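Below is one structure, written out as structure tokens; comments come after it.
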Ligand SMILES: [Zn+2]
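Residue numbers (the numbering used here): 14 to 463.
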């Protein structure tokens with residue numbers, strides 16, 4: 014362990030630095046060791062996972078993997094970029110509650126674009142001409158223009174970048190960001206995008222009726238799922254497009270609107286649809302097992318209706334295991350108490366809230382009764398039976414810890430977002446046994462006769 018600690022001294026210091034708390038150093042070392050030597054996860058992924066485990070922001074660790082300003086689209090919740098500040102103006106604004114606040118705004122640029130920015134941070138001690146790395150900013154579309162915003166959680170660092178520093182940026186002639194027609198893939202679709210062009214295959218489509226509340230008119234709409242090699246999206250068509258399940262189409266001038274916290278591709282009056290002449294999209298069978306996406310991309314996108322994530326369970330949260338639900342409203346009881354229907358014994362149920370991390374991000378994952386039974390390898394009745402003998406309902410949570418914690422998993426399901434972030438509701442879970450991985454490797458080696 015000491016050897017490990019010496020070898021990774023720099024990483025351990027950085028983790029402690031980012032966490033900014035009196036986190037036990039020995040615990041951090043032991044966690045990092047478990048990830049790196051025990052589970053063979055690369056050091057930078059392991060480092061990020063340890064930081065996240067203790068509630069830190071791993072972005073503070075990295076030089077943001079920035080993208081050119083011209084590639085920032087509207088409504089991105091988390092953008093990293095490097096830019097030169099071209100103008101910096103202080104401004105006083107009056108908030109809704111009547112309080113006044115100082116903000117800073119101006120323009121910033123790189124060799125690809127010039128964008129307007131607003132900083133909401135209390136202090137903004139940077140002068141025009143300074144080159145900065147910004148992590149955790151967000152973008153908004155305003156008057157058909159892309160603006161970047163630096164909120165409280167944005168990280169701004171001054172950097173030495175001679176090339177960018179010396180670059181003459183002509184504000185007038187620059188690209189002001191793209192809000193019109195753009196070639197997309199499903200993975201890049203985000204809420205608020207307009208004029209998206211893409212090639213897709215329709216997985217399923219159904220006609221539905223809805224009543225327009227203002228006119229009381231009954232209209233038809235068509236909805237279902239579409240996919241390309243990058244992902245699956247739900248879609249809504251407001252006119253009869255004659256699209257059929259299984260067929261491939263070219264969509265031009267679609268737009269993206271959020272529905273239940275997930276981006277939904279909309280086919281509106283101005284959207285055109287034509288059958289693809291050369292269908293080079295994956296066949297229907299390719300979508301049966303689901304498409305994998307890194308959690309980071311999933312979060313940037315705002316979620317998905319059907320996606321696969323490969324990662325590690327880094328924690329099983331409290332409230333997992335054997336729970337009791339209200340017999341009336343199914344809310345989870347606390348101390349035999351429903352917040353609406355009062356004291357009772359309730360109905361027993363099983364569930365799991367696990368934090369799954371794939372190195373690019375983490376997501377709270379919910380396993381229902383059936384999947385929790387699958388992971389435990391025993392039924393609800395078995396669990397109730399074991400409680401009768403050990404009088405310890407917490408033992409089911411311990412069993413879940415044993416079954417899941419630090420184990421590689423493949424989960425397939427859909428997401429929902431609320432104020433607390435993105436939640437993943439699993440429809441399938443596969444425990445990738447690390448022993449079996451090891452066994453396979455050993456078999457392979459012996460087969461090769463090494
Ligand atoms: Zn209730």
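For glycine and all other residues, C-beta sits at the position ideal for the given N, C-alpha and C.
Values in this document were obtained by computation on a predicted structure and should not be read as measured data.
Residue span of the beta strand (DSSP E) that contains residue i, given as start and end
{"i": "residue 150", "result": "144-155"}
{"i": "residue 271", "result": "261-272"}
{"i": "residue 120", "result": "113-122"}
{"i": "residue 250", "result": "244-250"}
{"i": "residue 127", "result": "127-132"}
{"i": "residue 218", "result": "209-224"}
{"i": "residue 90", "result": "Premise fails: residue 90 is in no beta strand (DSSP E) and is neither H nor E."}
{"i": "residue 277", "result": "275-280"}
{"i": "residue 288", "result": "285-288"}
{"i": "residue 324", "result": "320-329"}
{"i": "residue 240", "result": "231-241"}
{"i": "residue 363", "result": "360-370"}
{"i": "residue 104", "result": "102-107"}
{"i": "residue 160", "result": "158-163"}
{"i": "residue 337", "result": "334-338"}
Proximity test, residue i beta-carbon vs ligand 1 heavy atom, cut-off 8 angstroms
{"i": "residue 344", "result": "yes"}
{"i": "residue 341", "result": "yes"}
{"i": "residue 21", "result": "no"}
{"i": "residue 351", "result": "yes"}
{"i": "residue 24", "result": "no"}
{"i": "residue 46", "result": "no"}
{"i": "residue 117", "result": "no"}
Bounding residues of the alpha helix (DSSP H) (the contiguous stretch that carries residue i)
{"i": "residue 411", "result": "407-417"}
{"i": "residue 30", "result": "22-32"}
{"i": "residue 41", "result": "38-46"}
{"i": "residue 403", "result": "393-403"}
{"i": "residue 377", "result": "It is not in any alpha helix (DSSP H) - residue 377 instead sits in the beta strand (DSSP E) that spans 375-380."}
{"i": "residue 429", "result": "From DSSP, residue 429 is part of no alpha helix (DSSP H) but of the beta strand (DSSP E) over 421-431."}
{"i": "residue 179", "result": "175-179"}
{"i": "residue 442", "result": "Where residue 442 is concerned, there is no enclosing alpha helix (DSSP H), although the beta strand (DSSP E) it sits in stretches over 434-444."}
{"i": "residue 309", "result": "308-314"}
Cα-Cα separation, residue i to residue j
{"i": "residue 284", "j": "residue 235", "result": "14 angstroms"}
{"i": "residue 375", "j": "residue 231", "result": "42 angstroms"}
{"i": "residue 330", "j": "residue 282", "result": "46 angstroms"}
{"i": "residue 314", "j": "residue 352", "result": "35 angstroms"}
{"i": "residue 470", "j": "residue 409", "result": "Because the chain is modelled from 14 through 463, residue 470 falls outside the range shown and cannot be assessed."}
{"i": "residue 211", "j": "residue 297", "result": "17 angstroms"}
{"i": "residue 27", "j": "residue 299", "result": "42 angstroms"}
{"i": "residue 171", "j": "residue 110", "result": "34 angstroms"}
{"i": "residue 76", "j": "residue 116", "result": "Reliability fails at residue 76, whose pLDDT of 46 lies under 50, so the model's placement of it is uncertain and no value is given."}
{"i": "residue 200", "j": "residue 243", "result": "5 angstroms"}
{"i": "residue 198", "j": "residue 40", "result": "42 angstroms"}
{"i": "residue 249", "j": "residue 312", "result": "22 angstroms"}
{"i": "residue 239", "j": "residue 280", "result": "12 angstroms"}
{"i": "residue 181", "j": "residue 84", "result": "20 angstroms"}
{"i": "residue 187", "j": "residue 128", "result": "Since pLDDT at residue 187 reaches only 49, below the 50 mark, its modelled position is unreliable, and no value is offered."}
{"i": "residue 241", "j": "residue 87", "result": "22 angstroms"}
{"i": "residue 464", "j": "residue 179", "result": "In the structure displayed, the chain extends from 14 to 463; residue 464 sits before or after that span and is not available."}
{"i": "residue 161", "j": "residue 206", "result": "15 angstroms"}
{"i": "residue 209", "j": "residue 202", "result": "8 angstroms"}
{"i": "residue 386", "j": "residue 364", "result": "9 angstroms"}
{"i": "residue 49", "j": "residue 439", "result": "27 angstroms"}
{"i": "residue 113", "j": "residue 342", "result": "45 angstroms"}
Cutoff 9 angstroms: residue i Cβ touching any chain B Cβ
{"i": "residue 353", "result": "No chain B is part of this structure, which consists of one protein chain only."}
Integer Cβ distance of residue i from residue j, believed to fall under 8 angstroms
{"i": "residue 338", "j": "residue 347", "result": "With 8 angstroms as the limit, residue 338 and residue 347 do not qualify as a contact, their Cβ atoms being about 11 angstroms apart."}
{"i": "residue 286", "j": "residue 256", "result": "7 angstroms"}
{"i": "residue 274", "j": "residue 431", "result": "7 angstroms"}
{"i": "residue 125", "j": "residue 82", "result": "5 angstroms"}
{"i": "residue 419", "j": "residue 151", "result": "That pair is no contact at about 32 angstroms."}
{"i": "residue 389", "j": "residue 367", "result": "Contact doesn't hold; Cβ gap of about 13 angstroms is too wide."}
{"i": "residue 246", "j": "residue 318", "result": "7 angstroms"}
For the segment 333-340 against the segment 425-438, are there 3 or more C-beta pairs whose distance is under 8 angstroms?
In short, these stretches do not touch, since the Cβ pair count stays below three.
Would you call the segment 90-109 and the segment 117-136 in contact, with 3 or more CB pairs under 8 angstroms?
yes
Are three or more beta carbon pairs between the segment 262-269 and the segment 206-221 nearer than 8 angstroms?
yes
Using 8 angstroms as the threshold, is the segment 97-105 in touch with the segment 122-141, meaning 3 or more CB pairs across them?
yes
Tell me whether the segment 434-447 and the segment 353-360 touch, counting them as touching only if at least three CB pairs, one residue from each stretch, are closer than 8 angstroms.
no
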